[in-house]
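Okay, so here's the structure we're looking at.
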Amino acid sequence: MELRLPFDPAKFLAATRADDTQYVQQVIQNIDLPDKPRTIVFHEEIGSGKTWLMLHLHREVLPQDPRVTSLCLSLAEPPAGFVPQSNEHIVNPAHLAENASPDALARELIEWIGKQDSISASTSRDADLGDQTGWLVTAVKEKFQDRILVLIFDSIFEVADWTKLAKLENALLAPLAALPHVVTILTGRGKLYPWESPYLRVNVVFPKGFVPLRPFEVSEVAEQLKAQKPDAILDAETIHKLGGGYPWVNYLLAQGRNEAEATSKAREGLLSVIDEKIRGDVARDLEALSVLDGFRESEMPKMWEADSQVRHTISNEQVQRRRKQLLDSYLMHWHDKRFQIDDPMRRVLENYLRTNEPLRWRNLHCRAYLLYQEWATEFQQSRRVFLERAEFHAQALRRANFDIDDCINFESKVESSTYTNRIVNHNPLVLTT
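Numbering (my numbering), first residue to last: 2 to 434.
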């Protein structure tokens, strides 16, 4: 199974990213106007096509402008078969390791940028890091007075050790971002790093109505399949329904012969970004939460306990540890006062459960339905909200031809006798207008 497809301009749907491309070009065109930010952040979810867009810009679009020199640096492992060009750099994984010195990463990038023919900064392996920064800034300032340097740092927000990002900011990013003819593009998923430099904090404001790296529509999925997976068995509409239209997810789903196999392959591909040592635990926890349309910490142990068919065993300390593990995977984030799994991941995992483990899928929806019904009774001030959430799960079960009354039978098998006695005569609450 091919988890990731190396970038191929012939297989890139440039029309789907025309708005993103145009906006980057607009920032470059406006570079000499006063008070115009020069840092662009593409902070998007897994599978949205960040890396392909960066390589499209770097290899196909930016070289068309004679004023621009573009350098592309990736802080993530590339797909098999990827061959970097002379003005592209893959960071040494050893310098991203937990026990690696923050100086090592900063020094590697400073030295590589400085050695490029368009810059040719003074350098010395034995020099102090501060001296290397100074030499690089001097060279860029001198050689880009009437030219523009575009620096692309792909997957930078996925660097787990923030001490490395702090060092990288002080030694490289902030000094270069302050120069008038340098445009910095930062990409990644997960939590945004709180840069200290105003040149990095003030992101270019996207125009109203513009959605960076938007998911594909069904017709665009069809075009993607034609270019990247012409032998796909599932049609574009089915793939869009299963994955939401995200480019990498579309490609993974297209490798399956049916919905169950497609979601299994997509699950494997998306989960491959997680450290193998914790992948199984993280996958299980994400799957148990994937049926929820957002959640807080209070739902986590309820869903995890239901998934393992055990009650009242997960301590607060365990919940916080597992929650942190999910957040550190950069596949879950806080939005609108609730935790949310990245949409591509949530869709794939829930559809994987629905098609491959239907009993488990039903059990989780039942647990959520009954939980919100219970909370609607217990917390009258939030009754309407909890009834709406319960109805969300009831509708999911009905669409799969499950009777929500069967949820009571499920709960009676896994709840304690006290709770069982409380729900035997359960009458579902109904949201009234």
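The beta-carbon is built from N, C-alpha and C at its ideal position, and this holds for glycine as well.
{"Check": "Label T434 either buried or exposed according to how many other C-beta atoms from any shown protein chain fall within 10 Å of its C-beta, with 16 as the threshold for buried.", "Outcome": "Only weak support is given to the placement of T434: the predicted model assigns it a pLDDT of 38, under 50, and the value that follows is read from those uncertain coordinates. Exposed, by the Cβ-count rule."}
{"Check": "Give me, in chain order, the residues of the same chain whose beta-carbon lies closer than 7 Å to that of R339; leave out the 5 immediate sequence neighbours on both sides.", "Outcome": "G295, F296, R297"}
{"Check": "Quick check on the burial criterion: 16 or more other C-beta atoms within 10 angstroms. Buried or exposed for D318?", "Outcome": "Residue identity check: residue 318 is Glu in the sequence provided, not Asp. E318 comes out exposed."}
{"Check": "Can you tell me where the beta strand (DSSP E) with E89 in it begins and where it stops?", "Outcome": "89 to 91"}
{"Check": "What residues in its chain sit with their C-beta under 7 Å from that of V283, if we drop five residues either side in the sequence?", "Outcome": "I275, Q326, L327, S330"}
{"Check": "Buried or exposed: where does E437 fall if 16 or more other Cβ atoms within 10 Å of its Cβ makes it buried?", "Outcome": "Since the first residue shown for the chain is 2 and the last is 434, residue 437 is missing from the structure and cannot be characterised."}
{"Check": "Which residues in the same chain have their Cβ closer than 7 Å to the Cβ of S273, if we skip the five residues on either side of it in sequence?", "Outcome": "L4"}
{"Check": "Does DSSP put R339 in a helix, in a strand, or in coil?", "Outcome": "strand"}
{"Check": "If we count the other Cβ atoms within 10 Å of its Cβ and call it buried at 16 or more, is M2 buried or exposed?", "Outcome": "exposed"}
{"Check": "Just reading off the alpha helix (DSSP H) that F393 is part of, what are its end residues?", "Outcome": "384 to 400"}
{"Check": "Taking the alpha-carbon positions, what's the L332 to G244 distance?", "Outcome": "15 Å"}
{"Check": "Using the Cα positions of P231 and R60, report the straight-line distance between them to the nearest angstrom.", "Outcome": "25 Å"}
{"Check": "Using a Cβ-Cβ cut-off of 6 Å (strictly less than) and excluding sequence neighbours within five positions of R39, which residues of its own chain qualify?", "Outcome": "V184"}
{"Check": "Measure the beta-carbon distance from T188 to D155 and round it to whole angstroms, keeping in mind my assumption that it falls under 8 Å.", "Outcome": "5 Å"}
{"Check": "For the alpha helix (DSSP H) that T435 lies in, which residues bound it at each end?", "Outcome": "Nothing can be reported for residue 435, as the shown portion of the chain is limited to 2 through 434."}
{"Check": "Does the separation of the CB atoms of V92 and L63 fall below 8 Å?", "Outcome": "no"}
{"Check": "If we count the other Cβ atoms within 10 Å of its Cβ and call it buried at 16 or more, is E351 buried or exposed?", "Outcome": "buried"}
{"Check": "Mind checking Q146: buried by the 16 CB within 10 Å criterion, or exposed?", "Outcome": "exposed"}
{"Check": "Considering only DSSP beta bridges, list what F83 is partnered with.", "Outcome": "Paired residues: none, contrary to the question."}
{"Check": "By how many angstroms is the C-alpha of W362 removed from the C-alpha of A19?", "Outcome": "39 Å"}
{"Check": "Label L173 either buried or exposed according to how many other C-beta atoms from any shown protein chain fall within 10 Å of its C-beta, with 16 as the threshold for buried.", "Outcome": "buried"}
{"Check": "Measuring CA to CA, which of K278, I29, V25, D36 is closest to P199?", "Outcome": "D36"}
{"Check": "Which of the three DSSP states is assigned to L150 in this structure?", "Outcome": "strand"}
{"Check": "Given a cut-off of 8 Å on the beta-carbon distance, is the pair Q256 and K242 in contact?", "Outcome": "no"}
{"Check": "Where does the unbroken alpha helix (DSSP H) through G245 begin, and where does it stop?", "Outcome": "Here G245 belongs to no alpha helix (DSSP H), and DSSP marks it neither H nor E."}
{"Check": "Buried or exposed: where does N410 fall if 16 or more other Cβ atoms within 10 Å of its Cβ makes it buried?", "Outcome": "exposed"}
{"Check": "Would you list the one or two residues that DSSP bridges to G189?", "Outcome": "H44"}
{"Check": "Rounded C-beta distance between R68 and I149? I'm assuming under 8 Å.", "Outcome": "5 Å"}
{"Check": "I think Y164 touches P103, with their Cβ atoms under 8 Å apart; what is that distance to the nearest whole Å?", "Outcome": "In the sequence on display, residue 164 carries Thr and not Tyr. Contact flag correct, Cβ pair sits at about 5 Å."}
{"Check": "How close, in whole Å, do the beta carbons of L271 and V349 come, if the pair is a contact with beta carbons under 8 Å?", "Outcome": "6 Å"}
{"Check": "Is the region 106 to 120 close to the region 222 to 236, with three or more CB pairs under 8 Å?", "Outcome": "no"}
{"Check": "Leaving aside the five residues before and after F8 along the sequence, list all residues of the same chain whose C-beta is less than 6 Å from its C-beta, in chain order.", "Outcome": "W53, L56"}
{"Check": "Hey, how far is the Cα of K51 from the Cα of Q381?", "Outcome": "44 Å"}
{"Check": "For the ligand NAD, any of its heavy atoms closer than 7 Å to the Cβ of L174?", "Outcome": "Annotation note on the ligand NAD: not contained in the displayed structure, which lists no ligands."}
{"Check": "Can you tell me which residues form a DSSP beta bridge with D162?", "Outcome": "For D162, which the question treats as bridged, DSSP gives no partner whatsoever."}
{"Check": "So, is R355 buried or exposed, given that buried needs 16 or more other C-beta atoms within 10 angstroms?", "Outcome": "buried"}
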